[in-house]
Amino acid sequence: MSGGIRDVRAEDLVATDTKSGIRIKTTVGRGGFVKDIFIRRMTMKNMRHVFLITGNYRSHPDNGYDPKALPLIHNINFRDMVAENVRMAAQLDGISGDPFTGICVSNVTIGLANNAEKLQWNCTDVSGISSGVPLFEMVLLLAIVLVLVSTTNGVESRKGKVLVPTKSFEYSAMCCRSHIVSLTDFGGVGDGTTSNTKSFQAAISHLSRFSSDGGSLLFVPPGKWLTGSFNLTSNFTLFLHKDAVLLGSQDENEWPVIAPLPSYGQRFYTEAGRFSSLIFGTNLTDVIITGDNGTIHGQGELWWQKHSSGELKHERPFLIELMFSQNVQISNLTLVNSPNWNIHPVYCSNVIIQGITILAPVTSPNTDGINPDSCTNTRIEDCYIVSGDDCVAVKSGLDQHGIAFGMPTKHLMIRRLTCISPRSAVIALGSEMSGGIQDVRVEDIVAVNSESGVRIKTGRGRGGYVKDIHVRRMSMRTMRWVFWMTGSYGSHADNGYDPNALPVIHNINYLDMVAENVTMAAQLDGISGDPFTGICISNVTIGLADKAKELQWSCTDVGGISSGVVPKTCELLKDQGPEKRTTCDFPKDILPIDDVKLKKCSFRGKCL
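The opening position of the sequence shown corresponds to residue 99 in my numbering, with each subsequent residue numbered one higher.
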């Protein structure tokens with residue numbers, strides 16, 4: 099690295115049985131630099147080290163090197179990582195008199211092996227900061243946090259007031275804005291204990307007057323901003339600074355109760371209605387929720403406990419729900435511990451969800467990641483999800499209510515998603531699919547330690563359809579099933595459903611997939627008298643776990659073809675031979691939402 103290494107960006111990586119996740123190797127005499135390194139969304143298993151930085155890597159081509167040529171190692175950033183079965187979290191060794199600086203480790207969870215080292219973080223001649231890292235032996239990385247915080251631009255530490263930065267900031271959005279205010283201009287207090295619900299409501303009410311004058315942006319500065327539910331407005335952007343944390347209130351009085359969704363019926367959300375989401379909006383045009391990887395923390399633990407014990411009279415809130423809206427963007431945020439589903443666009447069109455990290459305990463109830471519901475033209479991309487339920491669940495209403503409402507989900511693109519969900523699916527279609535699901539395209543997916551890769555859930559009484567589904571380039575490790583179709587998913591909104599309302603499941607395509615450590619390749623169960631048809635599986639290789647099922651393909655009431663699949667599929671998916679591996683072609687046309695390009699927006703100067 100003597101010529102220098104700079105501006106390296108890595109994301110969405112999976113490592114297994116590897117000595118180290120990220121290693122920097124250098125020594126006295128190398129000179130050069132390694133700086134401005136950014137790594138995020140990495141999943142690791144069976145590792146000796148997660149982080150390994152070596153300042154005494156001593157090999158040289160000859161004796162002509164200059165021992166005074168010291169390398170510069172600076173601005174090394176790691177975030178949003180999960181590792182398991184690790185012997186040692188980090189061995190970070192700089193050079194005496196030439197420390198490695200600007201190391202930042204954020205939102206990293208490391209599970210230790212049975213034979214793990216007693217000392218997990220061994221750090222010499224390095225410095226930096228950390229946050230959200232459960233192993234705390236990081237003395238050198240924690241030492242300068244207070245210094246950095248006290249010098250953050252825009253912070254008046256004496257008064258505790260945080261202002262909009264006087265310097266510029268940039269972001270990508272469907273639309274840029276002409277007007278900006280800070281939450282602090284409306285009495286916001288970012289101390290983690292003061293309620294800011296009224297401040298959010300007042301700020302957004304004020305900004306709504308600029309809807310026809312170039313739109314507006316509400317800036318949430320560094321701090322912990324406790325709040326209950328609040329509503330957005332049209333031609334509006336909510337922007338979270340990278341050090342801003344929205345904390346969902348645990349006071350039920352700060353969450354209005356709203357009507358059930360019309361496509362689901364009353365009893366699905368309990369007869370008493372449902373709590374409004376933390377961030378809510380309905381009948382909006384051009385609404386953006388974004389930031390510089392700021393955090394929305396639902397503080398869901400108390401809600402999960404109340405749900406488990408039956409204490410709640412109303413259904414738990416989501417973190418973000420937008421209804422009957424168009425031109426929606428949700429991007430560059432981290433969502434943590436939602437009380438219920440995380441992101442729920444419903445009855446919307448032209449939706450972009452991009453660059454989202456979603457984190458919840460894998461045992462948490464109903465913490466679905468992203469649930470597009472009766473939406474048209476939606477793009478979900480570059481997201482990392484650890485969930486107690488489906489990472490992405492595609493929906494369109496339930497039973498007779500969804501059939502009557504008749505609004506399908508269609509023209510959906512999902513790409514570059516990483517998912518960990520041991521109890522649920524990476525991508526689920528249904529079971530609430532009574533309004534129909536059509537033209538879903540999925541590509542470049544990584545799944546680790548998840549129950550199933552792609553699951554279709556339906557049953558008698560659902561009606562509706564799931565058709566024209568195309569999935570390609572999916573990589574999976576440690577799965578219970580790769581393919582799972584369930585025609586007997588039995589829960590219903592109420593007793594008013596029509597048992598003769600049978601769903602149509604047709605033209606389901608899987609192409610170019612690989613999986614390892616799998617218990618069972620497929621459980622495909624259609625409905626007697628209503629088989630699932632047009633299934634196509636091509637060029638798929640599945641490696642089995644040590645305790646794999648003897649029967650790898652279980653198929654009833656389904657029909658289709660296969661080619662180039664290992665292990666060989668069931669008889670109901672007729673093998674076309676390895677020479678036809680190109681069956682199940684992915685559509686070549688471009689969805690309208692893929693023609694939508696985000697603009698570069700910037701803010702300069704003071705706010706209103």
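Don't be surprised by glycine CBs; every beta carbon is placed ideally from N, CA and C.
Taking each of D566, E677, S550, T654 in turn and checking the Cα distance to E614, the smallest one comes out for S550. S652 is a Cβ neighbour of L622, given a cutoff of 8 angstroms.
When the beta-carbon positions are compared, N425 and T383 come within less than 8 angstroms of each other.
Residue environment analysis places Q189 among the buried positions, since at least 16 neighbouring C-beta atoms fall within 10 angstroms of its C-beta.
Between the C-alpha atoms of H172 and E413 there is a straight-line separation of about 48 angstroms. For the pair K565 and V602, the CB atoms are nearer than the 8 angstroms cut-off. Taking all protein chains in view, the Cβ of R104 is surrounded by fewer than 16 other Cβ atoms within 10 Å, so the residue is classified as exposed.
Residues T125, D191 of the same chain have their beta carbon placed closer than 7 angstroms to that of N154, with the five preceding and five following residues left out of the count. The DSSP-derived three-state label of H590 is coil. Secondary structure note for I450: its beta strand (DSSP E) is the uninterrupted segment 447-457. A300: not part of any beta strand (DSSP E); member of the alpha helix (DSSP H) spanning 295-305, first to last residue.
For K216, no beta strand (DSSP E) encloses it, and the DSSP letter there is neither H nor E. Setting aside the 5 residues that flank it on each side, R571 is surrounded in the same chain by E541, D542, D610, each with a C-beta closer than 6 angstroms to its C-beta; the list follows chain order.
Each residue's CA atom was taken as its position, placing T393 and I356 some 25 angstroms apart. In this structure, V580 keeps its C-beta atom at 8 angstroms or more from the C-beta atom of A643. Residue range 497-503 is occupied by the alpha helix (DSSP H) that includes D497. Just measuring C-alpha positions, the residue of P165, V656, E677 sitting nearest C668 is V656. Runs of the beta strand (DSSP E) lying entirely within the stretch 276-350 and spanning at least 3 residues, in chain order: 277-280, 289-293, 314-318, 321-325, 334-338, 342-346. Annotation: T291 to F337 spans about 21 angstroms, alpha carbon to alpha carbon.
Note that the stretch 304-312 does not touch the stretch 343-352; fewer than 3 beta-carbon pairs, one per stretch, sit closer than 8 angstroms. Under the three-state reduction of DSSP output, S529 falls in the coil class, being neither helix nor strand.
The beta-carbon separation of A181 and M145, rounded to 6 angstroms, stays under the 8 angstroms limit for a contact.
Secondary structure of D683 (DSSP, three-state): coil. Judged by DSSP secondary structure, S519 falls outside any alpha helix (DSSP H); it is assigned neither H nor E. Taking 8 angstroms as the upper bound for CB-CB distance, L344 and F317 are not in contact here, some 13 angstroms apart. Beta-bridge analysis with DSSP links V612 to S573, T639. Q364 and T141 have their C-alpha atoms spaced approximately 40 angstroms apart.
E648 counts as exposed, since fewer than 16 other C-beta atoms from the protein chains shown sit within 10 angstroms of its C-beta.
In this structure, D480 sits away from D466, with a CB-CB distance that is not shorter than 8 angstroms. Note on E409: under 16 other CB atoms within 10 angstroms of its CB, so exposed under the neighbour-count rule. DSSP places K645 in the coil class of the three-state scheme, outside both helix and strand.
Leaving aside the five residues that flank Y163 on each side, the residues in its chain whose CB is nearer than 7 angstroms to its CB run, in chain order, G127. Inter-residue distance for V287 and G379 is about 23 angstroms (C-alpha atoms, whole angstroms). CA-CA distance, F267 to Q650, rounds to 53 angstroms. The alpha-carbon separation between F149 and C634 amounts to approximately 42 angstroms. DSSP places W651 in the strand class (E or B) of the three-state scheme.
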